[in-house]
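Trainee: Residue numbers (the working numbering), protein chains in the order written: chain B, 1 to 96; chain Y, 1 to 222. Glycine residues also receive a C-beta, built at the ideal position from the N, C-alpha and C atoms. Bear in mind that the values here come from a model prediction, so they are computed numbers and not experimental data.
(1) If contacts are defined as beta-carbon pairs under 8 Å, then residue 79 (chain Y) and residue 23 (chain Y) qualify, I think. What distance do you get, rounded to the angstrom?
(2) Straight-line CA distance for residue 171 (chain Y) to residue 149 (chain Y)?
(3) If I follow the unbroken beta strand (DSSP E) through residue 3 (chain Y), where does it start and stop?
(4) Residue 29 (chain B) versus chain Y: which residues are under 7 Å apart at the beta carbon?
(5) Since residue 26 (chain Y) contacts residue 66 (chain Y) with CB under 8 Å, what's their CB separation in whole angstroms?
(6) Specify, as a first and last residue, the run of the beta strand (DSSP E) that residue 128 (chain Y) falls within.
(7) How many angstroms separate the CA atom of residue 108 (chain Y) from the CA atom of residue 45 (chain Y)?
(8) For residue 39 (chain Y), which residues from the same chain have a beta carbon less than 6 Å from its beta carbon, with the 5 sequence-adjacent residues on both sides left out?
(9) Quick one: Cα of residue 34 (chain B) to Cα of residue 209 (chain Y), how far?
(10) For residue 7 (chain B), does the three-state DSSP call read helix, strand or coil?
(11) With distance defined between alpha-carbon atoms, name the residue in B:19, B:18 and B:32 nearest to residue 8 (chain B).
(12) Are the CB atoms of residue 90 (chain Y) and residue 110 (chain Y) within a distance shorter than 9 Å?
(13) May I ask which residues mark the beginning and end of the alpha helix (DSSP H) holding residue 183 (chain Y)?
(14) Start and end of the alpha helix (DSSP H) containing residue 52 (chain Y)?
(15) Could you tell me which whole alpha helix (DSSP H) segments of length 4 or greater appear in the segment 80-123 of chain Y?
(16) Does the Cβ-Cβ distance between residue 202 (chain Y) and residue 112 (chain Y) come in under 9 Å?
(17) Using a Cβ-Cβ cutoff of 9 Å, what residues of the segment 47-78 of chain Y are near chain B? List them in chain order.
(18) Compare the C-alpha of residue 59 (chain B) against each of B:47, B:6, B:17 and B:11 and name the closest.
(19) Go through its chain and collect everything with a Cβ distance to residue 74 (chain B)'s Cβ below 7 Å, but skip five positions before and after it.
(20) Would you tell me roughly how many angstroms separate the C-alpha atoms of residue 36 (chain B) and residue 47 (chain Y), rounded to the nearest one?
(21) Looking only at its own chain, which residues have a Cβ that is under 8 Å from the Cβ of residue 189 (chain Y), when we skip the five neighbours before and after it?
(22) Starting from residue 9 (chain Y), trace the alpha helix (DSSP H) in both directions and tell me its first and last residue.
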């Protein structure tokens with residue numbers, strides 16, 4: 001988005017939020033980060049048609065070993081986006 | 001394929017409580033296809049375990065390894081060089097694989113990370129359904145290719161029973177009546193006359209009733 005981020009924020013580019021797997025998030029936490037913020041396209045505007053909807057399903061734990069399921073025993077703090085209209089913010093996880 | 005479900009993280013953590021060095025074994029066969037115990041699931045479980053232990057301030061060392069199969073000793077032998085370095089083996093294979101690993105490494109406790117459920121098919125991505133109970137005496141030729149043992153809740157040989165309503169089973173309104181499926185299929189095949197034939201009482205000696213089964217092919221033995 002060509003924005004300036006604080007130096008402690010690391011951007012990991014993926015072709016689509018549909019690429020984001022639970023393992024990717026878990027490995028990120030293993031490396032010691034404080035939180036993961038997953039941002040994608042608005043619903044209905046996915047360049048790959050359904051990638052963001054799939055990511056949303058996974059986040060909600062309704063597909064496979066979803067992200068939320070993986071985290072429910074570890075860091076059960078998935079936060080709802082504050083302003084869902086500006087970005088399709090899939091979810092935020094933070095370590096406690 | 002053999003279908004399994006992963007146990008909850010709490011169950012697995014409880015089993016692993018006394019151990020600090022874990023060999024986590026996945027399987028590249030059925031449990032990979034049903035997304036319960038393949039390489040990816042091994043990675044997810046290892047990560048969950050490490051994070052959980054770290055949260056409690058406890059150490060855990062996990063070696064992730066996914067074997068081609070855990071039901072053949074040639075593949076199980078692949079971990080022999082380093083199995084001694086670990087206190088426990090946590091297997092994500094089906095019940096057969098878990099037991100066979102235990103038979104090969106008798107001094108190591110082998111713990112199950114999945115619950116093995118049934119022999120089934122993939123209906124769609126993420127949906128699996130039971131098709132066979134391995135009774136040892138197949139009668140699919142008489143029932144339009146649909147198994148009354150596995151698909152009928154009562155395993156009736158001459159159904160349907162009175163609990164069949166609008167093609168659904170009384171056990172669960174979302175469950176198809178196995179015998180309705182059989183009749184519909186026989187109609188499609190033009191073999192409804194087979195439905196008129198009474199299937200005699202089944203000989204269950206080929207099933208589990210005779211204890212654990214073995215199959216020996218002398219011509220294949222070395």
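Mentor: The structure says:
(1) 7 Å
(2) 15 Å
(3) 2-6
(4) 51
(5) 4 Å
(6) 127-132
(7) 20 Å
(8) 26 and 66
(9) 56 Å
(10) coil
(11) B:32
(12) yes
(13) 178-189
(14) 39-55
(15) 80-83 and 95-104
(16) no
(17) 47, 48, 50, 51, 52, 54 and 55
(18) B:17
(19) With a pLDDT of 48 at residue 74 (chain B), under the threshold of 50, the modelled position of this residue cannot be trusted, and the question is left open.
(20) 15 Å
(21) 144
(22) 9-15
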